[in-house]
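Here the working numbering is used: the first residue of the sequence shown is 105, the next is one more, and so on. Don't be surprised by glycine CBs; every beta carbon is placed ideally from N, CA and C.
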Amino acid sequence: MDIVTAKLIYIAIFIFIIHSIETLAYAVRLSGARVKMIASALSLFNILVMISRLANMMQQPFTGSLIDAAPSSNAQEFVATQFRFLIGASTVGTIFGMLLLPTFIALFSRAIIHLSEEKGSVPSLFKRLFSLQYIKRGITHFNLPKFSYLKDTKIKDMPIRLFFVNMVITAIYTIGVLSALYAALLAPERASTAIMASGLINGMATILLVIFVDPKVSVVADEVVNGRGSYQKLKNISLMMVSSRLLGTLLAQVFFIPGAKYIAWFTQFII
Numbered sequence: 105m106d107i108v109t110a111k112l113i114y115i116a117i118f119i120f121i122i123h124s125i126e127t128l129a130y131a132v133r134l135s136g137a138r139v140k141m142i143a144s145a146l147s148l149f150n151i152l153v154m155i156s157r158l159a160n161m162m163q164q165p166f167t168g169s170l171i172d173a174a175p176s177s178n179a180q181e182f183v184a185t186q187f188r189f190l191i192g193a194s195t196v197g198t199i200f201g202m203l204l205l206p207t208f209i210a211l212f213s214r215a216i217i218h219l220s221e222e223k224g225s226v227p228s229l230f231k232r233l234f235s236l237q238y239i240k241r242g243i244t245h246f247n248l249p250k251f252s253y254l255k256d257t258k259i260k261d262m263p264i265r266l267f268f269v270n271m272v273i274t275a276i277y278t279i280g281v282l283s284a285l286y287a288a289l290l291a292p293e294r295a296s297t298a299i300m301a302s303g304l305i306n307g308m309a310t311i312l313l314v315i316f317v318d319p320k321v322s323v324v325a326d327e328v329v330n331g332r333g334s335y336q337k338l339k340n341i342s343l344m345m346v347s348s349r350l351l352g353t354l355l356a357q358v359f360f361i362p363g364a365k366y367i368a369w370f371t372q373f374i375i
């Protein structure tokens with residue numbers, strides 16, 4: 105039986121898109137600070153987060169079906185290889201989002217202004233942005249990252265603790281569903297309990313992100329808008345965040361199996 109199937113590729117594309125969107129979400133604060141409209145920027149940020157969370161929920165049943173389709177012999181190794189392939193898709197999606205970051209900063213800046221012109225109407229904004237005229241104009245803003253984009257970047261403006269916290273949280277969020285599903289193979293007698301633990305893991309990762317990461321970046325963005333901070337510092341922190349996110353998807357490969365074993369062990373205290 106082939107490890108890389110059409111279904112696995114479809115799920116990998118889905119995960120690729122999810123992580124690309126979540127990486128590009130870092131462009132929203134930069135865009136909001138750039139046009140001095142941080143509140144409008146956060147409304148767009150929430151839309152992106154909602155889309156990525158919904159997409160993540162939608163892919164879970166399809167990912168779970170990989171376990172049902174696994175061969176009866178050597179199922180654990182077979183599924184582990186497929187899941188590592190999916191974790192790799194999250195890394196590639198993050199890299200893709202990083203490459204598009206300068207382009208989306210420019211596009212989001214214009215989208216924020218258009219949202220203000222449309223009096224906060226998101227449907228009207230989408231109708232305007234997806235018109236042929238604006239699509240053609242948007243293509244002209246396509247710009248791949250250049251080394252000059254890193255000009256004036258200073259390590260001292262990048263909080264190291266925040267870097268590692270975001271990296272670990274990203275790793276946990278990346279493998280939350282996959283480790284829970286794999287734990288069902290490790291403890292088949294508690295399979296349902298293990299699978300349902302994925303929501304708890306992702307929920308905890310989201311809470312940690314909201315408590316320890318998002319407020320710090322938001323404060324820097326507010327300082328830029330109020331003239332008390334520099335846009336360069338916000339850009340440095342944003343670059344640090346996407347870099348730590350990329351390393352977090354790589355760290356997820358390390359966390360995957362230990363995380364599944366921990367979930368399998370923990371489920372015995374729930375039943």
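field: When Thr310, Leu343, Arg138, Phe200 are compared against Ala210, the one with the closest alpha-carbon
entry: Your numbering for residue 210 matches position 106 in the sequence shown. Answer by Cα proximity: Arg138.
query: Which term fits Lys339, buried or exposed, when burial requires 16 or more other beta carbons within 10 angstroms of its beta carbon?
result: For this step, residue 339 is matched to residue 235 along the sequence shown. It counts as buried.
query: How many angstroms separate the CA atom of Glu221 from the CA atom of Arg133?
result: On the sequence shown, position 117 is the one that residue 221 refers to. On the sequence shown, position 29 is the one that residue 133 refers to. Taking the straight line from one Cα to the other gives about 19 Å.
message: My assumption, with CB atoms under 8 Å, is that Thr310 sits in contact with Thr198. Please give the rounded CB distance.
response: Here residue 310 is taken as the residue at index 206 of the sequence shown, counted from 1. Here residue 198 is taken as the residue at index 94 of the sequence shown, counted from 1. The C-beta distance from Thr310 to Thr198 rounds to 17 Å, too long to meet the 8 Å contact threshold.
query: In or out: Ser104 buried (at least 16 other Cβ within 10 Å) or exposed?
result: The displayed coordinates of the chain run from 105 to 375. Any statement about residue 104 would go beyond what the structure contains.
- prompt: Considering only residues of the same chain and omitting the five flanking positions on each side of Thr185, which have a CB-CB separation below 8 Å?
  reply: For this step, residue 185 is matched to residue 81 along the sequence shown. Annotation for Thr185: Ile107 place their beta carbon closer than 8 Å to its own, counting only its chain and skipping 5 residues before and after.
message: Between Asn270 and Ser348, how many whole angstroms is the CB-CB distance? I'm expecting something under 8 Å.
response: Within the sequence shown, the letter at position 166 stands for residue 270. Within the sequence shown, the letter at position 244 stands for residue 348. About 4 Å separates the beta carbon of Asn270 from that of Ser348, a gap short enough to meet the 8 Å contact definition.
Met141, buried or exposed, once every other Cβ within 10 Å from all chains shown has been counted against 16: For the purposes of this step, residue 141 is taken as residue 37 along the sequence shown, with counting starting at 1. Taking all protein chains shown into account, Met141 has 16 or more neighbouring C-beta atoms within 10 Å of its C-beta and is therefore buried.
field: C-alpha gap between Asp326 and Ala295, whole angstroms
entry: Against the sequence shown, residue 326 aligns to sequence position 222. Against the sequence shown, residue 295 aligns to sequence position 191. Answer to the nearest angstrom: the Cα atoms are 46 Å apart.
- request: For my contact list, Ala174 and Phe182 are in at a C-beta cut-off of 8 Å; report their separation, rounded to the angstrom.
  value: For the purposes of this step, residue 174 is identified with residue 70 of the sequence shown, where counting begins at 1. For the purposes of this step, residue 182 is identified with residue 78 of the sequence shown, where counting begins at 1. About 5 Å; that satisfies the 8 Å criterion.
field: Stretch-stretch touch, CB-based, cutoff 8 Å, three pairs: the region 276 to 287 with the region 300 to 310
entry: A contact exists between the region 276 to 287 and the region 300 to 310.
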